[in-house]
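**Q**
In the numbering used here, the protein residues as written are 353 to 1134.
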């Protein structure tokens, strides 16, 4: 496999709002004097590509090869094409999409000003051989090129396709390309050249609408910045709204018999507000109203110009996040349920775990979490599938454990860490979004976001036992430790980034309840503590000692400055401050009981609901369970009161929301985020009770730690470990609890019961060591 660095372009024209450059076709006809015994092609199409050999599409999936800043890394895919080539004439054909290479829609994050921006570009190498002959083809000026019917495409800013400009047979051997232009030589991007090892993006299922509703008049809502006054756009007439019943991600396949020149526009949204189609959660507002207008009319929008007759149309090089599709231009006879099909898309990561119990709110929340995990996974976890589509580092950091527990996504996360290493500045700083075109170093980062540099390697190692991810990121981690250590103030604390994001207090007061100096300092302590462990695991003693010195020093600074020892209250007197300090081990053992009581006092003061942001909610259920307050944790989670997760289910949520605002608030943020989904790991690890490798140093060791919530009749989970499936179920029967456990060969572990419970032989802990075969257990608990 050869990664060619010879790139070609169609021309030097680049896209902008109002100046759309069609996606270019490329083709190369060549002759083989032999039937190859082995043939392969390696391709890098930037931003995205679709690849055809002799008219057959062989692209690995959608949005190939990857989404990256090409100043950092350029990705290639390799295909075995032996069976597709034959003696005589053959043809390679490619269409390129803009992707991140020629992005003009990501104005909020300055992708349009990125240094890596340029015209879409192509490199490839075809190698074919038998025992006596060899052929090698690289992209060069002999390739032919022509504009395609894809008049505009952008990951965030819409899609325009004109069927009248289709070129039948463009990717076939016998097509006459004599009227096409020759390609031009392009510049080789600065990034490293690398084969993509992440799971590809594929269609996972198809959905039909649950309803189609006609509106003779329908406005859609948006808001303006900074005034945030609701505005109704020009009322649209003769509109059909397709409801697919679930808020997820993908594209629509439009199947229609139309007339020549008929224009169909599809707009995508998550929710209605007061009977109006709302797009205020699915595009990024700017202070420039001219740009706002462009974004409103292009974001999550597709326009098709029909050629007449039967057509089946699917957009290329993009995806949307939505439940509803607002369609203009359909005739009544065309507006059938069969006209639109939802092709649900995400990275093809396999499911690793599952959970269910007797509480429907918990079951629905678990399904919401799984949906949001996958609908935000396009090579790497994004914040949302519509407005931003960004790899926010803080979101990934908060979700790393539950993602790896529930999904076999280690290859994709490990690949994304290549971009993290590429994005790190020489001084050690990390941006808030990765990949980035340069945005995110001056706002949007800080220790909670930067903690991804240790949390992703740590949890990959914990759930797979693979140390290579630690080795790959040692320089990244060490450089970051040096950077963040230099940012400590005179008291030894850190206060430089974003804090407890989406804290409900902020909507009332304008600032988070937990002071930034608390969350930044404690998170930096955790970063250093985890780095200590990771370095030690691979024998890097000097680096481990360096990290440990930082951790110990930070803990002393936190204890000296941020705790009121009379009441054991952490600065802020709020759920996040208190729970984060407890989880992180800031208190001494002798102090914990009083600190825990203070947390309970705060929770009761707040009405026994989750009054926390993204940091606090990541840890609250685990800490309460460790305190023996798992029934309170259940109450906080399932309550249908505002700011509790159960409130979302009461409001009909099918995905996890970005914040805990009231459902009727028209300014609500995204309704599809994954970063508040760690309760799913609590379900599996502490309710059903499968806790894999709890100390992260023995992949074969499990603790079975069920907690018998009084409102639950049963709970069950399964987890596909490297050794095989572990499954557990407990059920309340006849004044006792029956526990069933199945463990695979090669594992060992302990079954630990919560306080107040014991096995019928009076033991509270049982152990197993299973060397040769799968084993099943049944225990009675009283």
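The beta-carbon is built from N, C-alpha and C at its ideal position, and this holds for glycine as well.
Note that the coordinates shown come from a computational prediction; the quantities given were computed from them, not determined experimentally.
So residue 970 and residue 872 are supposed to be a Cβ contact under 8 Å. How far apart are they, rounded?
**A** Here the question's residue 970 lines up with position 618 in the chain shown. Here the question's residue 872 lines up with position 520 in the chain shown. So it is not a contact: roughly 15 Å between Cβ atoms.
**Q** Is residue 668 closer than 7 Å to residue 612 when the C-beta atoms are compared?
**A** Locating residue 612 in the chain shown gives position 260, counting from the first residue. Locating residue 668 in the chain shown gives position 316, counting from the first residue. Taking 7 Å as the Cβ cut-off, residue 612 and residue 668 do not qualify as a contacting pair.
**Q** Rank 363, 1124, 1060 by C-alpha distance to the C-alpha of residue 1108 and give the top, closest one.
**A** On the chain shown, position 756 is the one that residue 1108 refers to. For the residues 363, 1124, 1060, the minimum Cα distance to residue 1108 belongs to 1060.
**Q** By DSSP, does residue 493 sit in helix, in strand, or in coil?
**A** As a working mapping, residue 493 is identified with position 141 in the chain shown. Three-state result, residue 493: coil.
**Q** When the Cβ atoms of the segment 795–813 are set against those of the segment 763–783, are three or more pairs found closer than 8 Å?
**A** Yes: the two stretches touch, three or more of their Cβ pairs being nearer than 8 Å.
**Q** How many Å lie between residue 960 and residue 990 at the Cα?
**A** Here the question's residue 960 lines up with position 608 in the chain shown. Here the question's residue 990 lines up with position 638 in the chain shown. For residue 960 and residue 990, the distance between alpha carbons rounds to 11 Å.
**Q** So, is residue 942 buried or exposed, given that buried needs 16 or more other C-beta atoms within 10 angstroms?
**A** Sequence index remark: in the chain shown, residue 942 carries index 590 (1-based). Classification of residue 942: exposed, given that the 10 Å Cβ count is below 16.
**Q** With DSSP collapsed to three states, give me the class of residue 468.
**A** Taking the first residue of the chain shown as position 1, residue 468 is located at position 116. Coil.
**Q** What would DSSP say about residue 744, mapped onto helix, strand or coil?
**A** Here residue 744 is taken as the residue at index 392 of the chain shown, counted from 1. Residue 744 falls in the strand class under three-state DSSP.
**Q** Using C-beta distances below 8 Å, list every residue in its chain close to residue 693, excluding the 5 sequence neighbours before and after it, in chain order.
**A** Against the chain shown, residue 693 aligns to sequence position 341. Closer than 8 Å at the Cβ level, and outside the excluded window around residue 693, lie 558, 559, 560, 604, 605, 607.
**Q** Helix or strand or just coil, what does DSSP make of residue 933?
**A** One-based indexing of the chain shown puts residue 933 at position 581. Residue 933 falls in the helix class under three-state DSSP.
**Q** Mapping the DSSP letters down to three states, classify residue 440 as helix, strand or coil.
**A** Sequence index remark: in the chain shown, residue 440 carries index 88 (1-based). Residue 440: strand per DSSP, three-state reduction.
**Q** Out of 823, 1097, 353, state which residue places its alpha-carbon closest to the alpha-carbon of residue 1127.
**A** For the purposes of this step, residue 1127 is taken as residue 775 along the chain shown, with counting starting at 1. Taking only the C-alpha atoms, the option nearest residue 1127 is 1097.
**Q** If you draw a straight line from the C-alpha of residue 1078 to the C-alpha of residue 747, how long is it?
**A** By 1-based counting over the chain shown, the position of residue 1078 is 726. By 1-based counting over the chain shown, the position of residue 747 is 395. When rounded, the distance between both Cα atoms is 28 Å.
**Q** Taking its Cβ as the centre, do 16 or more other Cβ atoms sit within 10 Å of residue 1082, making it buried, or is it exposed?
**A** Working through the chain shown from its first residue, we reach residue 1082 at position 730. Buried: at least 16 other Cβ atoms inside 10 Å.
**Q** Around the C-beta of residue 1117, are 16 or more other C-beta atoms found within 10 angstroms, so that it is buried, or is it exposed?
**A** By 1-based counting over the chain shown, the position of residue 1117 is 765. Classification for residue 1117: exposed.
**Q** Report buried or exposed for residue 629, applying the criterion of at least 16 other Cβ atoms within 10 angstroms of its Cβ.
**A** Locating residue 629 in the chain shown gives position 277, where the first residue counts as 1. When all chains shown are included, residue 629 counts as buried.
**Q** Quickly, what does DSSP pair residue 1055 with across the bridge? List them, please.
**A** One-based indexing of the chain shown puts residue 1055 at position 703. BP columns for residue 1055 point to 1043, 1102.
**Q** From which residue to which residue does the alpha helix (DSSP H) around residue 824 run?
**A** Locating residue 824 in the chain shown gives position 472, counting from the first residue. Counting along the chain, the alpha helix (DSSP H) containing residue 824 begins and ends at 820–824.
**Q** Taking buried to mean at least 16 other C-beta atoms within 10 Å of its own C-beta, is residue 507 buried or exposed?
**A** Numbered from its first residue, the chain shown carries residue 507 at position 155. With 16 or more other Cβ atoms within 10 Å, it is buried.
**Q** If you check the beta carbons only, do residue 456 and residue 363 fall under 7 Å apart?
**A** The count along the chain shown starts at 1 and reaches residue 456 at position 104. The count along the chain shown starts at 1 and reaches residue 363 at position 11. Going by C-beta atoms, residue 456 is not nearer than 7 Å to residue 363.
**Q** List, from N- to C-terminal side, the beta strand (DSSP E) runs of 3 residues or more that fit wholly inside the segment 672–730.
**A** The qualifying runs are 672–680, 692–699, 705–709.
**Q** What is the residue span of the beta strand (DSSP E) that residue 664 lies within?
**A** Sequence index remark: in the chain shown, residue 664 carries index 312 (1-based). Element bounds for residue 664: 661–665.
**Q** Do you know whose CA, among 502, 442, 703, lies nearest residue 518's CA?
**A** By one-based count along the chain shown, residue 518 stands at place 166. Nearest C-alpha to residue 518: 502.
**Q** According to DSSP, is residue 1030 part of a helix, a strand, or is it coil?
**A** Start at 1 with the first residue of the chain shown, and residue 1030 comes out as number 678. Coil at residue 1030, not helix or strand.
**Q** Provide the residue span of the beta strand (DSSP E) that contains residue 914, from first to last.
**A** Mapped onto the chain shown, residue 914 falls at position 562. Here residue 914 belongs to no beta strand (DSSP E), and DSSP marks it neither H nor E.
**Q** Is residue 894 buried or exposed, if buried means 16 or more other CB atoms sit within 10 Å of its CB?
**A** Residue mapping note: residue 894 aligns to position 542 of the chain shown, counting from 1. Exposed, because fewer than 16 other Cβ atoms sit within 10 Å of the Cβ of residue 894.
**Q** Out of curiosity, what's the CA-to-CA distance linking residue 579 and residue 794?
**A** Residue mapping note: residue 579 aligns to position 227 of the chain shown, counting from 1. Residue mapping note: residue 794 aligns to position 442 of the chain shown, counting from 1. Only weak support is given to the placement of residue 579: the predicted model assigns it a pLDDT of 49, under 50, and the value that follows is read from those uncertain coordinates. Answer to the nearest angstrom: the Cα atoms are 24 Å apart.
**Q** So, are the CB atoms of residue 854 and residue 965 less than 7 Å apart?
**A** Within the chain shown, residue 854 is the residue found at index 502, counting from 1. Within the chain shown, residue 965 is the residue found at index 613, counting from 1. Yes, the Cβ-Cβ distance between residue 854 and residue 965 is below 7 Å.
**Q** In terms of alpha-carbon separation, which member of 510, 538, 496, 409 lies closest to residue 531?
**A** As a working note, residue 531 is residue 179 in the chain shown. Of the candidates 510, 538, 496, 409, the one whose C-alpha sits nearest the C-alpha of residue 531 is 496.
**Q** Just to confirm, are residue 814 and residue 1048 a CB contact at a threshold of 7 Å?
**A** Within the chain shown, numbered from 1, the residue matching residue 814 stands at position 462. Within the chain shown, numbered from 1, the residue matching residue 1048 stands at position 696. It is a contact, given that the beta carbons lie within the stated cut-off.
**Q** Among 494, 663, 681, which one has its Cα closest to the Cα of residue 533?
**A** Here residue 533 refers to the residue found at position 181 of the chain shown. When each option's Cα is compared against that of residue 533, the closest is 494.
**Q** With DSSP as the reference, label residue 520 as helix, strand or coil.
**A** For this step, residue 520 is matched to residue 168 along the chain shown. Coil.
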